[in-house]
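**Student:** Before I ask anything, here is the structure I am working with.
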Amino acid sequence: MSNLVEVRNLRVDAKTDSGRTVEIIRDVSFDIAEGEIVALIGESGSGKTTIALTLMGYTRPGCRIAGGKVTLSGREISNLPEHKRARRRGTEVSYVPQSAAASFNPAHKIMDQVVEVTKIHRLMPIDEARRKAVELFKALALPEPDTIGDRYPHQVSGGQLQRLSAAMALIGDPKLVIFDEPTTALDVTTQIEVLRAFKSVMKKGAIAGVYVSHDLAVVAQIADRIIVLKNGEIQEVGRTQDILHRPQHPYTRELLEAFEPAPHGRVVDRPVEPEKPLLVVKDIVAGYGRVDETGNPSVKVINKVSFELHRGKNLGIIGESGCGKSTLARVIAGILPAAQGDVLLEGKPLDRDLRRRSRNELRDLQIVFQSADTALNPAKSIADILARPLAFYHGMSGQRRDARIDQLLDMVHLPRSLRHRRPTELSGGQKQRINLARALAADAKLILCDEITSALDTVVAAAILELLKELQREHSLSYLFISHDLSTVRAICDEVVVMYAGEKIEQLSPDIMGSEAGHPYSRLLFSSVPKLDTGWLDGLEQDPHVLQAYSRR
Amino acid sequence: MGAEGSNLRVQGIHYHTSLKGRSMNSPILNLVAERIIVAVVTLLFVAFTIFFATEMLPGDVAEILLGQAATPEAVAGLRTAMNLDEPAVLRFMYWIGNLFTGDLGVSYVNKMPISDLIGGRLVNSLKLAGVTAAISVPIALTLGITAAILRGTIYDRIVSIITIAVISVPEFMVATLAVIVFAVYLGWLPALSMAHEVTSMGGLLKVFAMPVITLSFVISAQMIRMTRAAVLETLNTAYVEMALLKGASRRRMVLHHALPNALGPIVNAVALSLSYLLGGVIIVETIFNYPGIAKLMLDAVSTRDLPLIQSCAMIFCLGYLILITIADLVAIVSNPRLQ
């Protein structure tokens, strides 16, 4: 039997802003059999999405197929003129985007967009297409399959939109479906549902798939084979089981190791601290809009959250998107003044509003944001960015300041020569290190880390976590570590606060972040994290009542 | 990036539910009412500004009207008769009150009711504006959208170059050139536009041709550029790429996917351009000696006819506000997120 997809010596060029041409895909060849699901795994910039899109005969603006060929069911697609490629898109090969929320047109109803493929290619009468769409909605376990298509994209949740985009991809009966990181933007509990729906429709229809992802554990649940990519080149190809358990290539091993960072080693002989806690958060209520006379904001985001953090310890705050964890960091930092409650640093109450805190109070408590891209001023050099807190908090100038900047760069393991560069010239990991160095420049006692590894690739994120631990050992820092990623939190925190819908569910040690964790929601959350085990999804059983109670989908 | 995206999405959903929670009686009606209230408040504010700005003009109206030879008694008598010795705020109240009842006052210069003076001129101006809009809006939108569809082609470049050239050339230059070419050399069209002499359809075309061509040039260029930019911006979105990956043609991507989402900015650009037709046509009306309202206002300024100036300014402002409010309403109604 011939292969459904044959990619031979594929090369893709991209034009940079400065007009240079760089090769982003180098000599890639692989096959996909009928009904087989193949995963493309790699970090950002590895070319996985670019390769997947060439299977549709498409390259993003600025890129072009420079060599090789892509053959789909025996007919080459890479050498066709644009209008002939368009004829095969949606019918032979279709696409499920990373962000369904952005890929649905906000101006049209969902049903019109789902059946659009049949309209463009004149596949069937509109009524038949609609009936077929409803069948697909049912197969994808969507609620209210008969009427959900009459809504606009903003009226359904992210997890539902992602499944609706799968319906949109399947309506034209394609032989191959490309999934481009389709669950990356979803919460773990939602991801399970979406993955299950994808898997069942793909198996039922014996449809071949390309699953693009950076997450090995997710891919392990759905793919038959895995292709590991780095810098536009194939590193290793193998059956899923082999890649997970018998990796050959060093890069694959590195990926697997980074997946499960070593748990936070507790120092046994750490003295029991009788002193008062470093940070106390007491009955915080916060939100947006006008605060009424009883002290409740019109949109309440945080409801009566309290916890303590001791010196030299790390506290993790975990929860799904919208649970209020980032808002809590903003409240503690005073960016968003709380409506009720107190924040005490070393026993002294801090003003709720950042603008009324003293310079020393500001210095002791620093915040590092998720996206270094937006947190670093692109017009300033690295030296300028680091000089500012040094001048502001410590009144440093001249040579002393320069020397301190060099020290800070050493501390975050960056070459001193970077000081003259601008943030845009740095990689994502380097930028996050600068972001961290800026917080260190203040000589803070407590650093609020708001999802600081979420935008980074696993290997880079693991290195940042190592750096955080090292800095803590040397400078007696404490971290308040906010993340949606349980393994990250487990790697660095002594205690974990679980949040749901603005409330603190419970506080527990990361050691018992397993099945015996006290609260049903914590159990649901922890059990939803994919494991590097091909049978995990099929074997996973979750209490449907708990699922129902804690789903705001 | 992924996590950031989901945060944004969640905020959007929260916002939406909070909107819903606040008022189930159609948020779109609330928004529309809000826009109309804002328009009325703006109009009052502008009325206030116009009145006191003309108040502050140097010279005493009574003295100007009676001339230098007037006796002080005569001036004082006239001042009393015209309520000029009452406080300005009180006179502002009278004026606003009269405006609302449709009484625009009496011209200082020729003692005619201002509504009579303006009436015919306003109709003339609206005719000119209407014909210009009817011709230039469809042409501008077509050119803007086709340029976006054919981005980067020769066609797109030519449209872009011509629009920039037209924007850069002042309108008196276009108008003067038009007169030289069509009226002087070719002799096809009259150099002056005496609208009241028109009797036949052909005559109407002849009279309007040159002012309309000149004005169309000026306002279309802006609309073409804005339309092209707005459509191109939406063409860069993920949902348009999705349409491409569904096999849609370039034409379908632009007309079906990009255009509905670019409607808000386009309608605003059109409204802004059209508003120019009411107040900003002084040069064109002057050059072609067209008896429109802008020329009337110009004459009123040279004769210090304050009530006439005030009324004209109010009409310009009203026209502008109506256009902008309509544009806002179209943008609101065309956004399903607000329904």
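First to last, the protein sequences are chains A and B. Each step along the first sequence adds one to the number in the working numbering, with nothing skipped, and position 345 is 345. In the working numbering, each residue carries its 1-based index in the second sequence increased by 1000. We put the beta carbon where it would ideally sit given N, CA and C, even for glycine. These numbers were taken from a predicted model, which means no experiment stands behind them.
How would you label A:T453, buried or exposed, when you count the other beta carbons within 10 angstroms and need 16 or more for buried?
**Tutor:** Locating residue 453 of chain A in the first sequence gives position 453, where the first residue counts as 1. With 16 or more other Cβ atoms within 10 Å, it is buried.
**Student:** What residues from chain A crowd round B:T1237, counting only those whose CB sits closer than 8 Å?
**Tutor:** Position 237 of the second sequence, counted from the first residue, corresponds to residue 1237 of chain B. The contacting residues are A102.
**Student:** Compare the C-beta of A:G319 with all C-beta atoms of chain B and state if any pair is closer than 8 Å.
**Tutor:** The residue labelled residue 319 of chain A in the question sits at position 319 within the first sequence. Not an interface residue.
**Student:** Are the CB atoms of A:L524 and A:L547 within a distance shorter than 8 Å?
**Tutor:** In the first sequence, the residue the question calls residue 547 of chain A occupies position 547. In the first sequence, the residue the question calls residue 524 of chain A occupies position 524. Cβ atoms of A:L547 and A:L524: closer than 8 Å.
**Student:** Would you decide whether B:I1161 is buried or exposed? Buried here means 16 or more other CB atoms lie within 10 Å of its CB.
**Tutor:** Here residue 1161 of chain B is taken as the residue at index 161 of the second sequence, counted from 1. So B:I1161 counts as exposed.
**Student:** Could you give the DSSP three-state label for A:V237: helix, strand or coil?
**Tutor:** Residue 237 of chain A sits at position 237 when you count from the first residue of the first sequence. Note: A:V237 maps to strand in three-state DSSP.
**Student:** Taking the alpha carbon of A:G287 as the reference point, which residue from A:P97, A:R352, A:K119 and A:L55 has its own alpha carbon closest?
**Tutor:** As a first step, residue 287 of chain A must be located in the first sequence, where it is residue number 287. That would be A:R352, whose Cα lies nearest to the Cα of A:G287.
**Student:** In chain order, what residues of the same chain have a beta carbon less than 8 Å from the beta carbon of B:V1135, not counting five sequence neighbours either side?
**Tutor:** Within the second sequence, residue 1135 of chain B is the residue found at index 135, counting from 1. Checking the displayed sequence, the identity of residue 1135 of chain B turns out to be Ile instead of Val. Once the five neighbours on either side are set aside, the close Cβ partners of B:I1135 are V1212 and S1216.
**Student:** Going by other Cβ atoms of all chains shown within 10 Å of its Cβ, with 16 needed for buried, is A:Q160 buried or exposed?
**Tutor:** Within the first sequence, residue 160 of chain A is the residue found at index 160, counting from 1. By the neighbour-count rule (16 or more Cβ atoms within 10 Å), A:Q160 is buried.
**Student:** DSSP three-state call for A:A339: helix, strand or coil?
**Tutor:** Your numbering for residue 339 of chain A matches position 339 in the first sequence. The answer is coil: DSSP assigns A:A339 none of H, G, I, E or B.
**Student:** In whole angstroms, what is the alpha-carbon distance linking B:I1036 and B:T1042?
**Tutor:** Working through the second sequence from its first residue, we reach residue 1036 of chain B at position 36. Working through the second sequence from its first residue, we reach residue 1042 of chain B at position 42. Cα-Cα distance, rounded: 10 Å.
**Student:** Flag this pair as yes or no: are the beta carbons of A:V188 and A:V459 separated by less than 8 Å?
**Tutor:** The count along the first sequence starts at 1 and reaches residue 188 of chain A at position 188. The count along the first sequence starts at 1 and reaches residue 459 of chain A at position 459. Cβ atoms of A:V188 and A:V459: not closer than 8 Å.
**Student:** B:N1261 versus chain A: which residues are under 9 Å apart at the beta carbon?
**Tutor:** Working through the second sequence from its first residue, we reach residue 1261 of chain B at position 261. Simply N105, P106 and A107.
**Student:** Once DSSP output is grouped into helix, strand and coil, what is the label at A:P389?
**Tutor:** For this step, residue 389 of chain A is matched to residue 389 along the first sequence. A:P389: helix per DSSP, three-state reduction.
**Student:** Note down the Cα distance separating A:H545 from A:E425, rounded to an integer number of angstroms.
**Tutor:** Within the first sequence, numbered from 1, the residue matching residue 545 of chain A stands at position 545. Within the first sequence, numbered from 1, the residue matching residue 425 of chain A stands at position 425. Computed Cα separation, rounded: 50 Å.
**Student:** Quick one: list the residues of chain B neighbouring A:G90, beta-carbon separation under 9 Å, in chain order.
**Tutor:** What you label residue 90 of chain A is simply residue 90 of the first sequence in a count that begins at 1. Within chain B, the residues near A:G90 are L1245, K1246, G1247 and A1248.
**Student:** Which first and last residues belong to the alpha helix (DSSP H) in which A:E506 is found?
**Tutor:** As a working mapping, residue 506 of chain A is identified with position 506 in the first sequence. First-last for A:E506: E503 to L508, but that is the beta strand (DSSP E), not the alpha helix (DSSP H).
**Student:** Can you tell me whether A:K48 is buried or exposed, with buried defined as 16 or more other CB within 10 angstroms of its CB?
**Tutor:** Translated into the one-based positions of the first sequence, residue 48 of chain A becomes position 48. So A:K48 ends up on the buried side.
**Student:** Can you give the Cα-Cα distance for B:L1323 and B:V1333, rounded to whole angstroms?
**Tutor:** The residue you call residue 1323 of chain B lines up with position 323 of the second sequence. The residue you call residue 1333 of chain B lines up with position 333 of the second sequence. Cα to Cα, B:L1323 sits roughly 15 Å from B:V1333.
**Student:** Nearest to B:A1262 by alpha carbon, out of B:G1203, B:T1227 and B:T1080?
**Tutor:** To locate residue 1262 of chain B, count along the second sequence from 1; it is residue 262. When each option's Cα is compared against that of B:A1262, the closest is B:T1227.
**Student:** Compute the Euclidean distance between the alpha carbons of A:E541 and A:D533, then round it to the nearest angstrom.
**Tutor:** The sequence position of residue 541 of chain A within the first sequence is 541, counting from 1. The sequence position of residue 533 of chain A within the first sequence is 533, counting from 1. Each residue's Cα considered, the two are about 15 Å apart.
**Student:** Using a Cβ cut-off of 7 Å, pull out every chain B residue sitting near A:Y550, in sequence order please.
**Tutor:** By one-based count along the first sequence, residue 550 of chain A stands at place 550. By Cβ distance, chain B contributes nothing, its closest Cβ being about 15 Å from A:Y550, past 7 Å.
**Student:** Quick one: complete beta strand (DSSP E) runs, 3+ long, within the region 416-488 of chain A?
**Tutor:** The qualifying runs are 446-450 and 478-483.
**Student:** To the nearest angstrom, report how far apart A:A167 and A:I192 are at their CA atoms.
**Tutor:** Counting from 1 along the first sequence, the entry for residue 167 of chain A is found at position 167. Counting from 1 along the first sequence, the entry for residue 192 of chain A is found at position 192. Approximately 17 Å, taken between the alpha carbons.
**Student:** Which runs of the alpha helix (DSSP H) fall wholly inside the region 107-155 of chain A and span at least 4 residues, in chain order?
**Tutor:** Correct list: 110-114, 116-120 and 126-139.
**Student:** In three-state DSSP terms, what is A:D538?
**Tutor:** Counting from one through the first sequence, the residue named residue 538 of chain A turns up at place 538. Looking at A:D538 - three-state DSSP - the assignment turns out to be helix.
**Student:** So B:M1253 contacts chain A; which residues on that side make the cut at Cβ distance below 8 Å?
**Tutor:** Reading the second sequence from its first residue, position 253 is the one you call residue 1253 of chain B. Going along chain A, no residue has its Cβ under 8 Å from B:M1253, so there is no contact; the nearest lies around 10 Å.
**Student:** So A:M111 and A:R130 are in contact, right, with Cβ under 8 Å, and what is the actual spacing, rounded?
**Tutor:** Counting from 1 along the first sequence, the entry for residue 111 of chain A is found at position 111. Counting from 1 along the first sequence, the entry for residue 130 of chain A is found at position 130. Right, the Cβ-Cβ distance comes to about 6 Å (below 8 Å), so this counts as a contact.
**Student:** When Cβ atoms are compared, which residues of the region 34-59 of chain A fall closer than 9 Å to chain B?
**Tutor:** Within the region 34-59 of chain A, the residues whose Cβ lies closer than 9 Å to some Cβ of chain B are S44, L53, M56 and Y58, listed in chain order.
**Student:** Provide the residue span of the alpha helix (DSSP H) that contains B:K1127, from first to last.
**Tutor:** Taking the first residue of the second sequence as position 1, residue 1127 of chain B is located at position 127. Per DSSP, B:K1127 belongs to the alpha helix (DSSP H) from I1114 to I1149.
**Student:** How many Å lie between B:D1389 and B:E1063 at the Cα?
**Tutor:** Here chain B covers residues 1001 to 1339 and nothing more, so residue 1389 of chain B does not appear.
**Student:** If the cut-off is 7 Å on Cβ atoms, which residues from the region 114-126 of chain A count as contacting chain B, listed in chain order?
**Tutor:** For the region 114-126 of chain A, which is checked against every Cβ of chain B, the residues closer than 7 Å are E116, V117, I120 and H121.
**Student:** Assuming contact is defined by CB atoms lying nearer than 8 Å, are B:A1327 and B:A1258 in contact in what I supplied?
**Tutor:** Position 327 of the second sequence holds residue 1327 of chain B. Position 258 of the second sequence holds residue 1258 of chain B. Against a cut-off of 8 Å, the Cβ pair of B:A1258 and B:A1327 comes out as no contact.
**Student:** Report buried or exposed for B:V1181, applying the criterion of at least 16 other Cβ atoms within 10 angstroms of its Cβ.
**Tutor:** Within the second sequence, numbered from 1, the residue matching residue 1181 of chain B stands at position 181. That one is exposed.
**Student:** Could you list which residues in chain A have their beta carbon closer than 9 Å to that of B:R1228, in chain order?
**Tutor:** The residue you call residue 1228 of chain B lines up with position 228 of the second sequence. What B:R1228 touches in chain A: nothing, since even the nearest Cβ is about 17 Å away.
**Student:** Is A:L376 helix, strand or coil when you go by DSSP?
**Tutor:** In the first sequence, counting from the first residue as 1, residue 376 of chain A sits at position 376. Reduced to three states, the DSSP call for A:L376 is coil.
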